[in-house]
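> Top to bottom, those sequences are chains A and B.
Residue numbering for the first sequence follows this note's numbering, beginning at 68 and increasing consecutively.
Residue numbering for the second sequence follows this note's numbering, beginning at 4 and increasing consecutively.
We treat Cβ as the ideally placed atom computed from N, Cα and C, and that holds for glycine.
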Amino acid sequence: MSVSQTFGVYGGRYVPETLIPALDELESAWASLREDESFHAELHHLLTTYAGRPTPLTRVERFAPDQRMYLKREDLMHTGAHKINNAVGQALIAQRLGKRRIIAETGAGQHGVATATVCARFGLECIVYMGSEDIRRQAPNVERMNLLGAEVRPVEFGTRTLKEATSEAIRDWIANVDTTYYLIGSCVGPAPYPEIVRELQRVIGREAREQILQIEGRLPETVVACVGGGSNAIGMFYDFIPDEEVRLIGVEAAGAASLGTGRAGVLHGARSSLLADEDGQIMDAHSISAGLDYPGVGPEHAHLRDTHRAEYLPCTDDEALAAFHRLCATEGIVPALESSHALARALDCGDDLVVVCLSGRGDKDLAEVLAR
Amino acid sequence: MKTLAVYLMAMPDTPELVEAAVEAGADIIELGFPFSDPLADGPVIRRAGERALAAGMRTKRCLEVLAETHARVSVPLIPMTYASIFDAYGWERLEADARAAGATSFIVPDLPADIRPELRRVQLVAPTSTDARLKLAATATDGWLYLVTVTGTTGARAELAPSLAPLAERARAVTDVPLYAGFGISTPEHARSAAELVDGIAVGSRAVEAAEEGPAELARFVGSLRAALDSVA
Numbered sequence: 068m069s070v071s072q073t074f075g076v077y078g079g080r081y082v083p084e085t086l087i088p089a090l091d092e093l094e095s096a097w098a099s100l101r102e103d104e105s106f107h108a109e110l111h112h113l114l115t116t117y118a119g120r121p122t123p124l125t126r127v128e129r130f131a132p133d134q135r136m137y138l139k140r141e142d143l144m145h146t147g148a149h150k151i152n153n154a155v156g157q158a159l160i161a162q163r164l165g166k167r168r169i170i171a172e173t174g175a176g177q178h179g180v181a182t183a184t185v186c187a188r189f190g191l192e193c194i195v196y197m198g199s200e201d202i203r204r205q206a207p208n209v210e211r212m213n214l215l216g217a218e219v220r221p222v223e224f225g226t227r228t229l230k231e232a233t234s235e236a237i238r239d240w241i242a243n244v245d246t247t248y249y250l251i252g253s254c255v256g257p258a259p260y261p262e263i264v265r266e267l268q269r270v271i272g273r274e275a276r277e278q279i280l281q282i283e284g285r286l287p288e289t290v291v292a293c294v295g296g297g298s299n300a301i302g303m304f305y306d307f308i309p310d311e312e313v314r315l316i317g318v319e320a321a322g323a324a325s326l327g328t329g330r331a332g333v334l335h336g337a338r339s340s341l342l343a344d345e346d347g348q349i350m351d352a353h354s355i356s357a358g359l360d361y362p363g364v365g366p367e368h369a370h371l372r373d374t375h376r377a378e379y380l381p382c383t384d385d386e387a388l389a390a391f392h393r394l395c396a397t398e399g400i401v402p403a404l405e406s407s408h409a410l411a412r413a414l415d416c417g418d419d420l421v422v423v424c425l426s427g428r429g430d431k432d433l434a435e436v437l438a439r
Numbered sequence: 004m005k006t007l008a009v010y011l012m013a014m015p016d017t018p019e020l021v022e023a024a025v026e027a028g029a030d031i032i033e034l035g036f037p038f039s040d041p042l043a044d045g046p047v048i049r050r051a052g053e054r055a056l057a058a059g060m061r062t063k064r065c066l067e068v069l070a071e072t073h074a075r076v077s078v079p080l081i082p083m084t085y086a087s088i089f090d091a092y093g094w095e096r097l098e099a100d101a102r103a104a105g106a107t108s109f110i111v112p113d114l115p116a117d118i119r120p121e122l123r124r125v126q127l128v129a130p131t132s133t134d135a136r137l138k139l140a141a142t143a144t145d146g147w148l149y150l151v152t153v154t155g156t157t158g159a160r161a162e163l164a165p166s167l168a169p170l171a172e173r174a175r176a177v178t179d180v181p182l183y184a185g186f187g188i189s190t191p192e193h194a195r196s197a198a199e200l201v202d203g204i205a206v207g208s209r210a211v212e213a214a215e216e217g218p219a220e221l222a223r224f225v226g227s228l229r230a231a232l233d234s235v236a
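Next up, the structure:
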């Protein structure tokens, strides 16, 4: 099977010619690695002995007394979120390509921390682009990245958030493509990145599906995950896609609903559904959660929406905050604000047996929450 | 005679600036239609794009400026913009409306040769392009081939990139179309060195900066490039 270039009318490689040979090289390496047992064995070893897989499925009876709700506990992963699944896998790819300089973009800082972590683990140079507004909002993660030996480069223009950080990372890659691996953090960007990130995050849904079958003896009615760029959601959904009876719900921040209110457009190397105006100019996203504060989304989600295999619902800042406090108070679990969006819609989705991807823990969000 | 292409960001005063540039010796004008997230551009053109958007230079207004410019000069006018602008306006519709307004071709820096080949445009190749991709771009290109001199984004550099010479040589080996070099060419010295290797040059960031000083400064700058090119046989 060839590597996916497009997902329906979405995806592709809308990047300067300079990057095309590097994307070809990556695609060719990926096509052989994904069939390579030694790669999968090394990845599995790292995920189980270093990153913390498998993660448990936790029943939350006090949080959702009227449902049989389970949380897939990606918050228990090393560095506190699902991002490490992808960072470990791509660091292995970078090594196989012989690239020793790693660049990444980050919004909330979770992907930046995951990337800085694997770079420390493998002895790779690490540069993380981060908007200066996010640096202000997520200071502890900046300190963590510095501690791990990464250089955090502030991006001082435009929205000063994830959108511009991603643009600057891509510009760095254009200038240093011979030596540098771009370790992208979500299922966005030019092909083959959306497929690579999906395949590296698929472990979430694969485990969750096996676990729920073992515990309940049946598939869930509904699977819920939050969607910014969409990496935890695509990883959670993917192995459930053939199970047509399972409802898939992606939850977007109401002020960053690229799928719910967006239109087709091109951003950061791919065609997808975006927050853009009628001229194709990208608009600002707004969310209390820095990880969802992005005007684009992975192209495969746009395709899942158009084909009606998944539905995408909005969640306001206040609804996410309410779910955040409720999970803290009822279950002793502090969720990431991103994941809190999924929790809110899981509670009122009207279904009984529900599995939610708890994509990260909320320590990073305490200042933001306590300031309210 | 070497060709001089000058890039200017579309603004309300662009027709007047283009007239000055053409009088001073520009042979081709690349007209930037601003985009909020210009991946191929360095800080000078990115900021010019931000100012243009703040001044209301949306696609329809850019087409008006293109038509006003076309009424004043007879050189080829080539809109340079990003895929998102085409996608929103409609690929065929923007091509048709721009040609009706005087566009002779297009440059879309985030649209590699194998995507949407039906849009006739000037293709770009880079030092990283393989020979197979050089051939693909040279076959598909509209009139001339744009050689990106550097592995990087647009913007002035201290020296002409050493990667231009081998790229020009490889391109020559696969095509007879004229080769114009751009990205990082900002001084008469660069222009002269580049003209030893290729058939023409494109100057963007430094021209945008000169244009900000007004038509006289732009004309002086373009004239200095013209003289440098003309000094090369």
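What residue from B:Thr144, B:Gly185, B:Asp145 has the CA that sits closest to Leu163 of chain B's CA?
Measuring from the Cα of Leu163 of chain B, the nearest candidate turns out to be B:Gly185.
> What's the call for Gln268 of chain A, buried or exposed, on a 16-neighbour Cβ count within 10 Å?
So Gln268 of chain A ends up on the buried side.
> Whole angstroms is fine: what's the gap from Val128 of chain B's alpha carbon to Asp351 of chain A's?
Roughly 32 Å between the two C-alpha positions.
> For Ala199 of chain A, I'd like the list of residues in its chain whose CB is within less than 7 Å of its CB, leaving aside the five on either flank, ordered along the chain.
The amino acid occupying residue 199 of chain A in the given sequence is Ser; Ala does not appear at that position. Within the same chain, Ser199 of chain A has close Cβ partners Pro221, Val222, Glu223, Arg227.
> Beta carbon of Ala198 of chain B, beta carbon of Val153 of chain B: below 9 Å?
No.
> Determine the chain A residues that contact Thr131 of chain B at a beta-carbon separation under 9 Å, and present them in chain order.
Correct list: Glu84, Thr85, Leu86, Ile87, Pro88, Ala89, Val244, Asp245.
> What are the complete alpha helix (DSSP H) segments, minimum 4 residues, inside the segment 204–271 of chain A?
Those alpha helix (DSSP H) runs which fall completely within the segment 204–271 of chain A and span 4+ residues are 206–214, 229–242.
> If you draw a straight line from the C-alpha of Arg168 of chain A to the C-alpha of Ser69 of chain A, how long is it?
So the two alpha carbons sit approximately 28 Å from each other.
> With a threshold of 9 Å between beta-carbons, can Val333 of chain A be considered close to chain B, or not?
Taking Cβ atoms only, chain B reaches closer than 9 Å to Val333 of chain A, which makes this a yes.
> Ile194 of chain A versus chain B: which residues are under 7 Å apart at the beta carbon?
Per Cβ cutoff of 7 Å: no residues; Ile194 of chain A is ~16 Å from chain B at best.
> Within a Cβ cutoff of 6 Å, which residues of the same chain sit near Ala140 of chain B, ignoring the five residues on either side of it in sequence?
Cβ neighbours of Ala140 of chain B beyond the five flanking positions: Ala116, Gln126, Val128.
> If we cut at 9 Å on Cβ distances, does Phe38 of chain B have a partner in chain A?
Interface residue, yes.
> Is there a Cβ from chain B that is less than 9 Å from the Cβ of Ile237 of chain A?
It does; some Cβ of chain B falls within 9 Å.
> Please list the partners that Leu232 of chain B has in chain A, where partner means a Cβ-to-Cβ separation under 8 Å.
Per Cβ cutoff of 8 Å: no residues; Leu232 of chain B is ~25 Å from chain A at best.
> Smallest Cα separation from Cys186 of chain A: which of A:Pro88, A:Arg204, A:Gln157, A:Tyr196?
The shortest Cα separation from Cys186 of chain A among A:Pro88, A:Arg204, A:Gln157, A:Tyr196 belongs to A:Gln157.
> Provide the residue(s) that pair with Thr116 of chain A in DSSP beta bridges, ordered along the chain.
In the DSSP output, where bridge partners are listed per residue, Thr116 of chain A has none listed.
> Span of the alpha helix (DSSP H) holding Cys395 of chain A?
From DSSP, the alpha helix (DSSP H) with Cys395 of chain A extends over 384–398.
> Kindly list the residues whose CB is nearer than 7 Å to the CB of Ile241 of chain A, restricted to its own chain and excluding five residues on each side of it in sequence; keep chain order.
Cβ within range, chain order: Pro83, Thr85, Leu86.
> Less than 9 Å between CB atoms is the rule here; does Tyr117 of chain A satisfy it with respect to chain B?
Tyr117 of chain A does not count as touching chain B.
> Straight-line CA distance for Asn208 of chain A to Ala413 of chain A?
Cα-Cα distance, rounded: 28 Å.
> I'd like to know whether the C-beta atoms of Thr56 of chain B and Leu69 of chain B end up nearer to each other than 9 Å.
Inspection of the sequence shows that residue 56 of chain B is occupied by Leu rather than by Thr. No.
> Would you report the Cα separation of Arg96 of chain B and Leu150 of chain B, rounded to the nearest angstrom?
Spanning the two alpha carbons is a distance of roughly 28 Å.
> Using a Cβ cut-off of 8 Å, which residues of the segment 75–107 of chain B contact any Cβ in chain A, in chain order?
Against chain A - using a Cβ distance shorter than 8 Å - the residues of the segment 75–107 of chain B are Tyr85, Ala86, Ser87, Ile88, Phe89, Asp90, Ala91, Tyr92.
> Lys431 of chain A lies in the beta strand (DSSP E); which residues open and close that run?
Counting along the chain, Lys431 of chain A falls outside any beta strand (DSSP E), and DSSP gives it neither H nor E.
> If I'm right that Pro46 of chain B touches Gly158 of chain B with Cβ under 8 Å, what's the distance once you round it to whole angstroms?
Indeed they touch by this definition, with Cβ atoms about 7 Å apart.
> Taking only the alpha-carbon atoms, compute the straight-line gap between Val76 of chain B and Ala231 of chain B and give it to the nearest angstrom.
Roughly 23 Å between the two C-alpha positions.
> Quick check on the burial criterion: 16 or more other C-beta atoms within 10 angstroms. Buried or exposed for Lys63 of chain B?
It is exposed - the Cβ of Lys63 of chain B has fewer than 16 other Cβ atoms within 10 Å.
> Could you tell me the boundaries of the alpha helix (DSSP H) in which Cys65 of chain B lies?
From DSSP, the alpha helix (DSSP H) with Cys65 of chain B extends over 62–73.
> Can you tell me which of A:Tyr249, A:Ala217, A:Ile400, A:Leu420 puts its alpha carbon nearest to the alpha carbon of Val313 of chain A?
It is A:Leu420.
> Nearest-angstrom Cα distance between Arg273 of chain A and Asp430 of chain A?
Arg273 of chain A and Asp430 of chain A: Cα-Cα distance of roughly 27 Å.
> Under a CB-based cut-off of 9 Å, is Ile32 of chain B close to chain A?
So no, Ile32 of chain B is outside the interface.
> Starting from Val111 of chain B, follow the beta strand (DSSP E) in both directions and report where the run begins and ends.
Element bounds for Val111 of chain B: n/a, residue is neither H nor E.
> If you draw a straight line from the alpha carbon of Asp346 of chain A to that of Thr289 of chain A, how long is it in whole angstroms?
Cα-Cα distance, rounded: 37 Å.
> In three-state DSSP terms, what is Phe186 of chain B?
Of the three classes helix, strand and coil, the one that applies to Phe186 of chain B here is coil, per DSSP.
> If Ser356 of chain A sits next to Ser340 of chain A, beta carbons under 8 Å apart, how far is it from one beta carbon to the other, in whole angstroms?
19 Å between Cβ atoms; not a contact.
> Does chain A have any CB closer than 9 Å to the CB of Leu42 of chain B?
At least one chain A Cβ lies under 9 Å of Leu42 of chain B.
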